[in-house]
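Start counting the sequence shown at 43; every next residue gets the next number (the numbering used here).
Just below is one structure, and these are the notes that go with it.
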Amino acid sequence: MTQAEQRRGRDETEEERADRMWGELIQEVRVAQTGVQILFGFLLTVVFQPKYVRLTDTDQAIYIVTVVLGACATGALIGPVSLHRLVSGRRVKPQAVRLASRLTFVGLVLLLATMTSSLLLILRVATHDGYVPYLVAAVVSWYLLCWYGLPLWARRRHSSRADD
């Protein structure tokens, strides 16, 4: 078997491909949805804790930004479910898969921002030390490597131009 024959991929129609890609996307979204919903739920409780009123104005601003980012991430990561429900049976699955994929990507970026600001707030309150921004930057760099760097490297290394 030649390399060209190996690269042809599956023999599926556009609709079959959309069905497969939809199933894969929904599995991915389930993981991210669960994480963002748990994080968002915990964030919503912070304002009701006695220590909240003792936070500095800066920390309260970071908290508000974090909650808004968490709300936006939750909306973007639940969006594909609503999209599927509203367009189901309308014969637009290939277009819905592309749109849901974009929503998921936006949701992951917003989740990254939410986790970054959450980590910043928690470490500022827990330590009050000047190294916090560097620690947060290191963790965010790790997220970027795991979530985007390695996948993009693998995509470039192991896919042909036709697959892009």
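Virtual Cβ for every residue (Gly too), placed ideally from N, Cα, C.
If you're wondering where the values come from, they're calculated on a predicted model, not measured in any experiment.
Check: What residues in its chain sit with their C-beta under 6 Å from that of Leu-145, if we drop five residues either side in the sequence?
Finding: Answer for Leu-145: Ala-118, Gly-121 and Pro-122, listed in chain order.
Notebook entry, point to check: If we ignore side chains and look at the alpha-carbon of each, how far apart do Gly-83 and Arg-127 end up?
Noted result: Taking the straight line joining both Cα atoms gives about 24 Å.
Margin query: Within 10 Å of its beta-carbon, does Ser-159 have 16 or more other beta-carbons around it, so buried, or fewer, so exposed?
Written below: Under this definition Ser-159 is a buried residue.
Next item on the list: Using three-state DSSP, classify Glu-57 as helix, strand or coil.
Entry: Shown here, Glu-57 sits in a helix according to DSSP, grouped into three states.
Note to self: Alpha carbons only, please: which of Gly-77, Arg-96, Lys-135 and Gln-91 is nearest the one belonging to Glu-58?
What the structure shows: Sorting Gly-77, Arg-96, Lys-135 and Gln-91 by C-alpha distance to the C-alpha of Glu-58 places Lys-135 at the top.
Check: Would you report the Cα separation of Ile-68 and Leu-81, rounded to the nearest angstrom?
Finding: Ile-68 and Leu-81: Cα-Cα distance of roughly 20 Å.
Check: To the nearest angstrom, how far is it from the Cα of Phe-147 to the Cα of Ala-168?
Finding: Our two residues, Phe-147 and Ala-168, have alpha carbons roughly 31 Å apart in a direct line.
Next item on the list: Let me know the secondary structure DSSP gives Thr-156 once reduced to three states.
Entry: Of the three classes helix, strand and coil, the one that applies to Thr-156 here is helix, per DSSP.
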